[in-house]
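Colleague:
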Amino acid sequence: MSLQKRFLVIVLLIMVLISQSGCASEKHNEITQIVIADQFGLAYAPLEIMKAYSFLEEELLNADLNVEVVWQKFGNTTAIREAMLTGDLDVGFVGIPPFLIGLDNGMDWKIIGGLSESQVSLITKDPSVNDLGDLSMEHRIILPQPGSIQHVLLQMAAESQLGDFAAFDNQLVALSHPDGVVAFESGDSEQLHFTAPPYISKDLNVNGARTILEGKDSVGEDYTFIVGICQREFYDQKAFYEAFKSALRRSIEEIQLGSDEILTLLSEIYEIPKDELKADLREKTISFSEEVKGLDRFSEFMFKTGTLSKVFSVEELVWE
Amino acid sequence: MLKKPVVYRLFFISILIIIWELAAHFGPYPDALFPSLVAVVKRLGMLVMEEALLLKALNSISIVLIGMIISALIALTLSLLGIYLPFIKENTKLLNSVASPLPGIALLPIVILWLGLTSKAMMLIMVHAMLWPMVTTLTLALERVHFKYLRLIKVFKIPFWRRISTIYLPGIINDVFAGFEIAWSRGWRTLLSVEMIFGIVGSHSGLGWLIYERRMYMDTAGMLAGLIAIAVCGVLFESVLFKAKRWEVFIGTTNLH
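If you read the sequences in order, they're chains G and W. Oh and the first sequence: position 302 is 301 in numbering that gives the first Met the number 0, straight run, nothing missing. Oh and the second sequence: position 34 is 33 in numbering that gives the first Met the number 0, straight run, nothing missing.
(1) For chain W, check one thing: does any of its Cβ atoms lie closer than 8 Å to the Cβ of Gln-149 of chain G?
(2) Check Val-226 of chain G in the structure and name its three-state DSSP category.
(3) Taking the CB atoms as reference points, tell me whether Phe-311 of chain G and Val-151 of chain G lie closer together than 8 Å.
(4) Could you name the residues that DSSP lists as bridge partners for Ser-120 of chain G?
(5) Please classify Ile-68 of chain W as buried or exposed, where buried requires at least 16 neighbouring CB atoms within 10 angstroms.
(6) Starting from the C-beta of Ile-82 of chain W, find all residues in its chain whose C-beta is less than 8 Å away, skip the five residues before and the five after it, and write them out in chain order.
(7) In chain W, which residues lie less than 7 Å from Thr-77 of chain G when you measure between Cβ atoms?
(8) So Thr-210 of chain G packs on Ser-147 of chain G, CB below 8 Å; how close in whole Å?
(9) Could you give the DSSP three-state label for Asp-37 of chain G: helix, strand or coil?
(10) Quick one, which of G:Asp-163, G:Leu-142, G:Met-155, G:Phe-164 has its alpha-carbon nearest Val-181 of chain G's?
(11) What do you get for Gln-255 of chain G, buried or exposed, if any count of 16 or more other CB atoms within 10 angstroms of its CB means buried?
(12) For Arg-139 of chain G and chain W, any beta-carbon pair shorter than 8 Å?
(13) Within 8 Å (strictly less), CB to CB, does Leu-131 of chain G reach chain W?
(14) Using a Cβ-Cβ cut-off of 8 Å, state whether Ala-38 of chain W counts as contacting chain G.
(15) Given that Leu-130 of chain W touches chain G, what residues does it touch there, using C-beta distances under 7 Å?
(16) Along chain G, which residues have their Cβ under 8 Å away from the Cβ of Pro-29 of chain W?
(17) Would you list the one or two residues that DSSP bridges to Gln-32 of chain G?
(18) DSSP three-state call for Ala-220 of chain W: helix, strand or coil?
(19) Give me, in chain order, the residues of the same chain whose beta-carbon lies closer than 6 Å to that of Arg-42 of chain W; leave out the 5 immediate sequence neighbours on both sides.
(20) Identify the contact partners of Leu-235 of chain W in chain G, using a Cβ-Cβ distance below 7 Å as the criterion.
(21) Under 9 Å between beta-carbons, which chain G residues line up against Ser-204 of chain W? List them in chain order, please.
(22) With the cut-off set at 8 Å, would you say Gly-132 of chain G and Leu-153 of chain G are in Cβ contact?
(23) Comparing the C-beta of Arg-80 of chain G with each C-beta of chain C, is any distance below 8 Å?
(24) Could you give the DSSP three-state label for Phe-25 of chain W: helix, strand or coil?
(25) So, for Lys-3 of chain W: in the same chain, excluding its five sequence neighbours on each side, which residues have a beta-carbon less than 6 Å away from its beta-carbon?
(26) So, using beta-carbon positions, are Ala-36 of chain G and Leu-264 of chain G closer together than 8 Å?
(27) Compare the C-beta of Asp-187 of chain G against all C-beta atoms of chain W and say whether one is closer than 8 Å.
(28) Quick check: what's the CA-CA separation for Ile-196 of chain W versus Gln-32 of chain G?
(29) If you run the structure through DSSP and keep just helix, strand and coil, what is Trp-187 of chain W?
(30) Pair every Cβ in the stretch 157-172 of chain W with every Cβ in the stretch 101-112 of chain W, then say whether three or more of these pairs are closer than 8 Å.
(31) Could you confirm whether any beta carbon from chain W is found closer than 8 Å to the beta carbon of Gly-146 of chain G?
(32) Please confirm whether Leu-32 of chain W has its beta-carbon closer than 8 Å to some beta-carbon of chain G.
(33) Closer than 8 Å between beta carbons: that is the criterion. Which residues of the stretch 233-260 of chain G meet it against chain W?
(34) With 9 Å as the C-beta to C-beta threshold (strictly closer), list the residues of the stretch 90-119 of chain W near chain G in chain order.
(35) Leaving out the 5 sequence neighbours to the left and right, which residues in its chain are closer than 7 Å to Val-317 of chain G when beta-carbon positions are compared?
(36) Taking only beta-carbon positions, decide if Ile-100 of chain G is within less than 8 Å of chain W.
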């Protein structure tokens, strides 16, 4: 066979393979299991309750839907986004900024509802640092990833305090919350950690550690820390969507009631003393609600920094 | 007229490009998974224009080169001393056999605990990645040259420094470049892994961080552009710069092998 003929055969084979893989991915429509992903931290506590009390399984049975529920834990939002993109995930829980970045890049997803509002703090142990203006080029800021809610909160504060949102963009170190705590504890005083409960209290146990920035101060208003999202494919399966929404509502109501049983469960899961957890909930260090706050503020700011190509309206962001 | 191997290569590359474009245009994959080559090339051009790509590539290359110089000096010292001091020779061998199989990235968590997220930590990992292959190559080369010219050295009573400049160094130059090549490939891979897994360590960010950052912003074309840059740097250094034969012409050393 001549070179040209071989070439043609190869190209034809590839075209057949590509069209075959297209057919395979279209078989997905019938739901046999619901895969849900969350991340590390107290902000995801209602999902632990949903898991422990099988709320979702109950709601699905009530609606005569016999499907398996699968829970997965991811280290960062990007992994959740990628799993959803490849069709391996139905529902994910993420911060608002990574959700907006995905939407802006063509993900067909929207918010199901809010999950939690949480204290997010930038912590230092450098005695010479009292605000962002005191940071030098040598300081490093540990946060989960570029484009995370912590990164955007840092950019907001840098803009309002120093007039340059990108002032610290070349001083980031990307580590998950648990790894960040280890690096903060063992590292020198030039490392700062931007984190959330229960890791804030672990950081503050380090000698001389204190907070120099709160997320709420950056945003200037209340905002939702974690939201639940799904793609259109899942939303269109109305019975499943409604069952999930009911289960989420029940889980949030349970944690709002804050019974002793719930506190015991959470303190075991997160390995934090019950009293500390009680205090966090009482002092609203962390709170849980379906309401979604702060979408406009994040959308406008991220458009201004060039991270988003447009400002999204609330209708474009929330399913209902 | 092009030579046959070149034709084969061009043919293979054009098949890959066609497969890619077919998959991007007709496949079921969204752009975020499989951007077209046009988008990747455009993104590559934009990153080069913004200077981000070149600066990051330079940062990565300079970290590897600094690590390589430090490793080469340590390796040369240990190998030279090893010829005359059995204590050094045996313990260098021991350390080499223990440390060489450990990938740099596996050491990083413990190094971060000891040294924090500093450029010192990064340099330690880089030296660890590059030192051991250099020690192995240099020790073998020096031993070979030493025993080959042992009688000559003894008969003519050549002084130590003269032995180094006229016998050892010219005799091992090819091996030094072979050592550099292996060290570069280990160092380059280690640096990119460190940057991709742990983010920035040091005062500037490199190509590994660029890919990591582009992934976070869902910029798949940017990620692929970063990969192209990494491949180009790798090819440039591994196949061009560290090929000893290219340097013999300039150095003008006698091959004593």
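The beta carbon of each residue, even a glycine, is placed where N, CA and C say it ideally should be. As the structure is a computational prediction, the values presented were derived from the model and not from experiment.
Modeller: According to the structure shown:
(1) Counting from one through the first sequence, the residue named residue 149 of chain G turns up at place 150. Not one chain W Cβ lies under 8 Å of Gln-149 of chain G.
(2) Position 227 of the first sequence holds residue 226 of chain G. Strand.
(3) Within the first sequence, numbered from 1, the residue matching residue 311 of chain G stands at position 312. Within the first sequence, numbered from 1, the residue matching residue 151 of chain G stands at position 152. The answer is no: Cβ separation not under 8 Å.
(4) Here residue 120 of chain G is taken as the residue at index 121 of the first sequence, counted from 1. According to DSSP, residue pairing for Ser-120 of chain G in a beta bridge involves G:Thr-194, G:Glu-213.
(5) Counting from 1 along the second sequence, the entry for residue 68 of chain W is found at position 69. By the 16-neighbour rule on beta-carbons within 10 angstroms, Ile-68 of chain W is exposed.
(6) Counting from 1 along the second sequence, the entry for residue 82 of chain W is found at position 83. Same-chain partners within the cutoff: Lys-88, Leu-141, Glu-142, His-145.
(7) What you label residue 77 of chain G is simply residue 78 of the first sequence in a count that begins at 1. Those are Arg-214, Met-215, listed as they occur along chain W.
(8) By 1-based counting over the first sequence, the position of residue 210 of chain G is 211. By 1-based counting over the first sequence, the position of residue 147 of chain G is 148. So it is not a contact: roughly 18 Å between Cβ atoms.
(9) The residue you call residue 37 of chain G lines up with position 38 of the first sequence. DSSP places Asp-37 of chain G in the strand class (E or B) of the three-state scheme.
(10) Reading the first sequence from its first residue, position 182 is the one you call residue 181 of chain G. Ranking G:Asp-163, G:Leu-142, G:Met-155, G:Phe-164 by CA distance to the CA of Val-181 of chain G puts G:Leu-142 first.
(11) Here residue 255 of chain G refers to the residue found at position 256 when the first sequence is read from its first residue. With fewer than 16 Cβ atoms within 10 Å of its Cβ, Gln-255 of chain G is classed as exposed.
(12) Taking the first sequence and counting its residues from 1, the one referred to as residue 139 of chain G is at position 140. Yes - at least one Cβ of chain W is within 8 Å of the one on Arg-139 of chain G.
(13) Position 132 of the first sequence, counted from the start, is the residue given in the question as residue 131 of chain G. No, because no Cβ of chain W sits closer than 8 Å to the Cβ of Leu-131 of chain G.
(14) Taking the first residue of the second sequence as position 1, residue 38 of chain W is located at position 39. No, Ala-38 of chain W lies away from the interface with chain G (no Cβ there is under 8 Å from its Cβ).
(15) In the second sequence, residue 130 of chain W corresponds to position 131, counting from 1. Per Cβ cutoff of 7 Å: no residues; Leu-130 of chain W is ~25 Å from chain G at best.
(16) On the second sequence, position 30 is the one that residue 29 of chain W refers to. Think of a sphere of 8 Å around the beta carbon of Pro-29 of chain W: the chain G residues whose beta carbon falls inside it are Leu-84, Gly-105, in chain order.
(17) Start at 1 with the first residue of the first sequence, and residue 32 of chain G comes out as number 33. Gln-32 of chain G is bridged by DSSP to G:Glu-67.
(18) Numbered from 1 along the second sequence, position 221 holds the residue referred to as residue 220 of chain W. In the structure shown, Ala-220 of chain W adopts helical secondary structure according to DSSP, grouped into three states.
(19) Position 43 of the second sequence, counted from the start, is the residue given in the question as residue 42 of chain W. So the qualifying residues of the chain are Ala-220, Gly-221, Ala-224.
(20) Looking up residue 235 of chain W in the second sequence gives position 236. Within chain G, no residue comes near Leu-235 of chain W; the closest Cβ sits about 26 Å away, beyond 7 Å.
(21) Along the second sequence, one-based indexing puts residue 204 of chain W at 205. Going along chain G in sequence order, the residues near Ser-204 of chain W (Cβ under 9 Å) are Asn-169, Leu-171.
(22) Here residue 132 of chain G corresponds to residue number 133 of the first sequence, with the count starting at 1. Here residue 153 of chain G corresponds to residue number 154 of the first sequence, with the count starting at 1. Contact flag unset, no.
(23) Annotation note: the requested chain C is absent from the structure, which comprises protein chains G and W.
(24) As a first step, residue 25 of chain W is located in the second sequence; it is residue number 26 there, counting from the start. Here Phe-25 of chain W sits in helix by DSSP.
(25) Numbered from its first residue, the second sequence carries residue 3 of chain W at position 4. Non-local C-beta neighbours of Lys-3 of chain W in its own chain, meaning closer than 6 Å and more than five positions away in sequence, are absent.
(26) On the first sequence, residue 36 of chain G is found 37 positions in, with the first residue counted as 1. On the first sequence, residue 264 of chain G is found 265 positions in, with the first residue counted as 1. In this structure, Leu-264 of chain G does not lie closer than 8 Å to Ala-36 of chain G by Cβ.
(27) Position 188 of the first sequence, counted from the first residue, corresponds to residue 187 of chain G. It does; some Cβ of chain W falls within 8 Å.
(28) Taking the first residue of the second sequence as 1, we reach residue 196 of chain W at position 197. Taking the first residue of the first sequence as 1, we reach residue 32 of chain G at position 33. If you take the alpha carbons of Ile-196 of chain W and Gln-32 of chain G, they lie about 32 Å apart.
(29) Residue mapping note: residue 187 of chain W aligns to position 188 of the second sequence, counting from 1. It is helical.
(30) Segments in contact, no.
(31) Translated into the one-based positions of the first sequence, residue 146 of chain G becomes position 147. Chain W contact via Cβ: present.
(32) To locate residue 32 of chain W, count along the second sequence from 1; it is residue 33. So yes, Leu-32 of chain W belongs to the interface.
(33) For the stretch 233-260 of chain G, no residue has a beta-carbon sitting nearer than 8 Å to a beta-carbon of chain W.
(34) Those would be Pro-108, Ile-111, Leu-112, Trp-113, Leu-114, Gly-115, Leu-116, Thr-117, in chain order.
(35) Indexing the first sequence from 1 puts residue 317 of chain G at position 318. Around Val-317 of chain G: Lys-109, Ile-110, Val-291.
(36) Looking up residue 100 of chain G in the first sequence gives position 101. It does: the Cβ of Ile-100 of chain G has a partner Cβ on chain W nearer than 8 Å.
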